[in-house]
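Peer 1: I'd like to ask some things about the structure below.
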Amino acid sequence: MSTWLKFDAKISGQMRTVSINLGIVQYVSIYENMVLFHFSKDEILAVGPEESPAHHKADAETMDLIMQGLRRYKVLTV
């Protein structure tokens, strides 16, 4: 049986319900005021408040992470 985390987040400018299967999350970490769900070493979902300075910083760092082999990095606002 899987445990799911459901929350509303803004995706592409529209509010949507997001469901995360916690059974496939390897670990969770904190980056400034965002929560990062690590699905694998190269797949991360970051969730944080809208207009967060961490969002802009995370977006800028995404290219660096991609260059280091990160395949998927998505930032959601809540």
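Under this note's numbering, the letters of the sequence shown match residues 658 to 735, in that order.
Note that CB positions come from ideal geometry on N, CA and C, so glycine has one too.
1) Please list the terminal residues of the continuous beta strand (DSSP E) segment that includes S638.
2) If you reduce the DSSP assignment to three classes, tell me which class G680 lands in.
3) Leaving out five residues before and five after S659 in sequence, what residues of the same chain have Cβ atoms less than 6 Å from its Cβ?
4) Nearest CA to the CA of N690: which residue from D665, Y684, V704?
5) Do K663 and T674 come within 8 Å of each other at the CB atom, strictly closer than that value?
6) Can you tell which of G670, W661, V682, S686 has its C-alpha closest to the C-alpha of F696?
Peer 2: Quick look at the numbers:
1) Since the first residue shown for the chain is 658 and the last is 735, residue 638 is missing from the structure and cannot be characterised.
2) To locate residue 680, count along the sequence shown from 1; it is residue 23. Correct three-state label for G680: helix.
3) For the purposes of this step, residue 659 is identified with residue 2 of the sequence shown, where counting begins at 1. Only residues of its own chain outside the window of five on either side were considered, and among them N678, G680 have a CB closer than 6 Å to the CB of S659, listed in chain order.
4) Reading the sequence shown from its first residue, position 33 is the one you call residue 690. Out of D665, Y684, V704, the CA that lies nearest to the CA of N690 is found in V704.
5) As a position in the sequence shown, residue 674 is number 17, starting the count at 1. As a position in the sequence shown, residue 663 is number 6, starting the count at 1. A Cβ-Cβ contact shorter than 8 Å links T674 with K663.
6) Along the sequence shown, read from residue 1 onward, the residue named residue 696 stands at position 39. Out of G670, W661, V682, S686, V682 has the C-alpha closest to the C-alpha of F696.
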